[in-house]
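Each remark here refers to the structure printed beneath this line.
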Amino acid sequence: MRCEICQAKEATVHLTHRFPPIEGLNVPATEWKDHLCGECAIAYEHESDRFLHQQLSPWREGMSKEEQELALQALQGAQWQHMTEWKRKRSSQ
Ligand SMILES: [Zn+2]
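Structure representation (structure tokens):
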């Protein structure tokens, strides 16, 4: 399998991102995978960390458990979207 990003090297890093289901909100468990070469995997991790550090903490005082789960889900969704877009841009360079 080739690296998803550079399409040039063999994908040797297989990342699996798993999110648990959210009980009571009918949100199923989700999972996505990335297949990257070593070099692209490092860039990917940097970008993913950078993105998360940029985000405001989703937690606010007094949130209910349900609100916390929704906030976490929104953050994960935003991260997924960001990384998907980042991969697309990077692979078309
Ligand atoms: Zn690559």
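Okay, so the sequence shown: first residue is 2 according to this note's numbering, each after it adds one. Idealized CB from N, CA, C, for every residue including glycine. Predicted model only: the values in this text are computed from it and were never measured.
So does ILE43 have its beta carbon nearer than 6 Å to some heavy atom of ligand 1?
-> In this structure, the C-beta of ILE43 stays at least 6 Å away from each heavy atom of ligand 1.
Locate the beta strand (DSSP E) running through GLU32, then write down its first and last residues.
-> Judged by DSSP secondary structure, GLU32 falls within the beta strand (DSSP E) whose first and last residues are 31-37.
In whole angstroms, what is the alpha-carbon distance linking THR85 and LEU37?
-> Approximately 13 Å, taken between the alpha carbons.
So which of LEU71, SER65 and LYS10 has the shortest CA-CA distance to LEU26?
-> Among LEU71, SER65 and LYS10, the Cα nearest to that of LEU26 is on LEU71.
Hey, is the stretch 39-49 in contact with the stretch 59-74, meaning 3+ C-beta pairs nearer than 8 Å?
-> With the cut-off at 8 Å, the stretch 39-49 and the stretch 59-74 do not touch.
Cβ shell of LYS34 (< 8 Å), same chain only, five flanking positions each side left out = Once the five neighbours on either side are set aside, the close Cβ partners of LYS34 are HIS15, LEU16, THR17 and HIS18.
Kindly indicate which three-state DSSP category LEU16 falls into: helix, strand or coil?
-> Strand.
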